Amino acid sequence: MTDSQDTGTASATDEAPQDAPASPAAPQAPAGGASGPGAAEGAGGNPVVLAAPGTRTAADVVPPEVAARLTRCVVAGGGSTANHTPFTGEKLADLPESTPEDVATAFERARAAQERWAKVPLRQRAAVLLRFHDLVLRRQAEVLDLIQLETGKARLHAHEEVQAVAVAARHYGRKAPAYLRPKSHTGVVPTLTKVTELRQPRGVVGQIAPWNYPFELTVGDALPAFVAGNAVVMKPDTETALTALWAREQLIEAGLPEDVWQVVIGEGPVIGPEVVKHADYVSFTGSTRTGREVAQGAAARLVGVSLELGGKNAMVVLHDADLDKAAAGAVRGCFSSAGQLCISIERLYVHESIADAFVERFAARTRAMRLGNALAYGADMGSLVGARQLETVTRHVEEAVAKGARVVAGGRPRPDVGPLFYEPTILEGVEAPMAVCGEETFGPVVSIYRFRDEDEVVARANATPYGLNSSVWTKDGRRGRAIAARLRTGTVNVNEAYAAGYGSVQSPMGGMGDSGLGRRHGSEGILKYTEAQTVAQQRLMPLGPAFGMDDEKYAAFMTRSLRVMKAFRLR
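Those letters in the sequence shown? Residues 21 to 591, by the numbering used here.
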């Protein structure tokens, strides 16, 4: 994932990028944009979904009193900053800005609160998540507006975040007692040694969250930490802080003590290292470069870390795939959230025997995608989040074309819709050393490559330092799973791009290689926020000479015992 915003501990200026129906509303149309209902063609490009007259503006959604209510919890000593909506570039809210001293204060408060929170019975902590689940679904219109305004994404893509958070809340609300319950193990000498494994909270988790999924990658990642008995000090991205603060407000209403979740806001290079400096465990989602710096900072203090980083994810379409389903899946996989998704597809490998037919279908669907900036369902794709993202996308496409690549669909910005819109783009003829071939674009751009056999495509898909997500399309599920097992990525989806793997929250999700360390979801997603503690009670006799045995007799006794335990197949 790219560092186009301030998610990490270092400056982003020196790195190429690499991790229920709601009431309709819309921000003001950008200068030069259309404002009537319906859809319009953009000078021969992708059609545009136009906002209906009289719909709300960003100022209606985030008036000063709402911004003040959401930000009052931020630990800050008086400085201020602001965030903006990608749809128009206008300011959304003034935000408090934290200092390194404020970060230290936040950790002090969180540490005191964590001791009390850890004493709350586990099932009561889990019940907080289940109440939060219901609040999110009931009030989803509010957070959908905020997600759209802060990220520029289409409403359906914003709803993916609502779905992901609700699923995580339900899962850990139901399963945390089983994941964290004391477990009995066989002792060194059965019957004589009673062993219990306990799970203790780590303490205060430092979380550095990104801008691209400000609901799912803030509270969604924090939920297992909370239910495990930890407190959290979070640094959300400044441009998407309101969404995270809304999530905090709902979780507190659901029963989380206020001081258990502390929030600091500020530039990544200033605040990020301070979070790492004080945390008992660090959770980071962002670029590979910054992830390495976070890992180094955590390692110097001997604290654990989980990192979800960049990807150059591949989709493989085999010769027997259903082409219509694969083309529709490619649209979702490549252009959800305008491609600003760590697990989205940027490399698309298609068997040469069906490549022309597939590309025709995929390109037709891509050209028909509707762009829009309305706070309502209907648009198929929204905006990029910032000028740096637009610059990267433009640079990758223009350089590829200059070196011989061909634009199959898209390939241009759309300032008529908004200042940061770029059409969903398909490229063919991409080769090294074109930047788009190996670098993470993190935008609505996919390159198509043709292949002849399965061994070839597996080798090409694996020929990257990244290993986050991949996708295989075939009518033969057994073949698809066999190829999936050969791909070096943390998740592989068969006949889906990313949602099947990510949404299956009982299973771990994360990256291999330069795509990160650790996992979210499942048992690993909650146990990482705990310390394993073994309590072993010895009974009747010690593990040493006893009952008159000298050293030699004790050694002989233990030798016979070990042989007996093997004979009885004890583990």
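Virtual Cβ for every residue (Gly too), placed ideally from N, Cα, C.
As the structure is a computational prediction, the values presented were derived from the model and not from experiment.
- With a cutoff of 8 Å on beta-carbon distance, Arg145 and Val208 are scored as not near each other.
- Taking the Cα positions, Gly545 is about 13 Å away from Gly324.
- In terms of Cβ geometry, Pro202 and Leu142 do not form a close pair [threshold 8 Å].
- The Cβ atoms of Tyr549 and Pro256 do not sit closer than 8 Å to each other.
- Within the same chain, Cβ atoms closer than 8 Å to the Cβ of Arg129 are found at Val95, Asp279, Gln282, the five residues on either side in sequence being excluded.
- Phe441 sits close to Ser403, with the two beta carbons spaced by under 8 Å.
- Scanning its chain for C-beta atoms nearer than 8 Å, with the 5 sequence neighbours on each side dropped, one finds around Arg190 the residues Leu149, Leu150, His153, in chain order.
- Annotated as distal: Val437 and Asn482, with beta-carbon spacing of 8 Å or more.
- The beta strand (DSSP E) runs lying completely inside the segment 89-165 and spanning 3 residues or more are 99-104, 111-117, given in chain order.
- Per DSSP, reduced to three states, the secondary structure at Glu419 is helical.
- Taking C-beta atoms as the reference points, Val225 and Tyr301 count as a pair closer than 8 Å.
- A direct Cα-to-Cα measurement between Arg498 and Ser491 gives close to 14 Å.
- If you draw a straight line from the Cα of Ser543 to the Cα of Ile363, it comes to about 21 Å.
- Unbroken beta strand (DSSP E) runs of no fewer than 3 residues, entirely contained in the segment 260-286, are found at 281-283, following chain order.
- Glu551 is bridged by DSSP to Gln220.
- By the CB criterion at 8 Å, Gly523 and Val185 fall outside the cutoff.
- A straight-line Cα-Cα distance of about 56 Å links Arg470 and Phe588.
- By the CB criterion at 8 Å, Thr445 and Val421 fall outside the cutoff.
- Listed as beta-bridge partners of Thr511 by DSSP are Asn489.
- Classified as buried, Ser326 has 16 or more neighbouring CB atoms from the shown chains inside 10 Å of its CB.
- Comparing alpha carbon positions, the residue from Arg92, Ala79, Leu329, Arg501 closest to Leu237 is Leu329.
- Around the beta carbon of Glu372, a 10 Å sphere encloses fewer than 16 other beta carbons of the protein chains shown; the residue is thus reported as exposed.
- Of all alpha-carbon atoms in Pro116, His104, Lys214, the one lying nearest the alpha-carbon of Ile167 is that of His104.
- Here Ser100 has Asp114, Leu115, Pro116, Glu117 as same chain residues with Cβ atoms under 8 Å from its own Cβ, once five neighbours each way along the sequence are excluded.
- By the Cβ criterion, the segment 525-544 is in contact with the segment 494-512, since at least three pairs of Cβ atoms, one from each stretch, lie closer than 8 Å.
- Annotation: the continuous beta strand (DSSP E) that includes Val253 extends over 251-255.
- Here Glu135 is exposed. Its C-beta has fewer than 16 other C-beta atoms within 10 Å.
- Runs of the beta strand (DSSP E) spanning 3 or more residues and lying entirely within the segment 306-384 occur at 324-328, 333-337, 365-371, in chain order.
- Per DSSP, Glu448 is not a residue of any alpha helix (DSSP H); the beta strand (DSSP E) it occupies stretches across 445-448.
- Contact annotation: Asn66 and Met389 have beta-carbon atoms nearer than 8 Å.
- Residue range 241-247 is occupied by the alpha helix (DSSP H) that includes Phe246.
- In the three-state reduction of the DSSP assignment, Val302 falls in the strand class.
- Rounded to whole angstroms, the separation of the alpha carbons of Glu294 and Glu448 is 44 Å.
- Taking the C-beta atoms as reference points, Val82 is found nearer than 8 Å to Leu169.
- When secondary structure is reduced to three states using DSSP, Leu169 falls in the helix class.
- Scanning its chain for C-beta atoms nearer than 7 Å, with the 5 sequence neighbours on each side dropped, one finds around Gly311 the residues Phe304, Leu327, Leu329, Gly536, in chain order.
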